[in-house]
Amino acid sequence: MRVVWTEPALDGITNAYDYIFTFNPLAAAHMAEALFAAGDSLVNFPHRGRPVRGTGMRELVSVSPYIIRYRVIGDEVVILRVRHSARRSTNP
4 MRVVWTEPAL
14 DGITNAYDYI
24 FTFNPLAAAH
34 MAEALFAAGD
44 SLVNFPHRGR
54 PVRGTGMREL
64 VSVSPYIIRY
74 RVIGDEVVIL
84 RVRHSARRST
94 NP
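The following block contains the structure:
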């Protein structure tokens with residue numbers, strides 16, 4: 004099992020980091036590290052996140068208020084998007 008980060012997922016982390024950095028650079032770094040750690044931890048427990056009804060995707064909310072949306076495909080956990088929970092959901 005391995006974790007694959009898509010460009011939209013990486014962009015989500017970068018955008019969150021850039022925004023938080025303007026207020027608190029240390030908090031931005033901690034948030035980004037925590038999001039990467041949470042996503043990478045799915046290699047051990049890929050079905051830990053809650054299912055997203057009718058999509059085949061799952062969501063992990065371990066670094067509040069950020070949502071990691073992903074799909075398990077064969078032996079890969081494909082992280083599709085990382086977004087703030089206050090933002091409107093888009094599929095993926």
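Numbering of the sequence shown is given in this note's numbering, commencing with residue 4 and proceeding in unit increments.
Glycine included, C-beta positions come from ideal geometry on N, C-alpha and C.
Query - Straight-line gap, residue 29 to residue 36 (C-alpha atoms, nearest Å) - result: Looking at the two C-alpha atoms, the distance is approximately 11 Å.
Requested in this report: Out of 67, 82, 89 and 13, point me to the one whose CA is closest to residue 5's CA.
Outcome: The shortest C-alpha separation from residue 5 is found at 82.
Query raised in the report: Hey, would you say residue 7 sits closer than 8 Å to residue 79, going by beta carbons?
Result: Cβ distance < 8 Å, so residue 7 and residue 79 count as in contact.
Query raised in the report: What residue from 86, 52 and 65 has the CA that sits closest to residue 74's CA?
Result: Ranking 86, 52 and 65 by Cα distance to residue 74 puts 52 first.
Query raised in the report: Among residues of its own chain, excluding the 5 on either side of residue 54, which ones have a beta-carbon nearer than 6 Å to its beta-carbon?
Result: Sequence-distant partners of residue 54 (beyond 5 residues in either direction) whose C-beta falls short of 6 Å from its own C-beta, in its chain, are 61.
Query raised in the report: residue 16 and residue 85 look like a contact to me (Cβ under 8 Å); what is the Cβ gap, rounded to whole Å?
Result: Cβ atoms of residue 16 and residue 85 come within 8 Å of each other, at about 5 Å.
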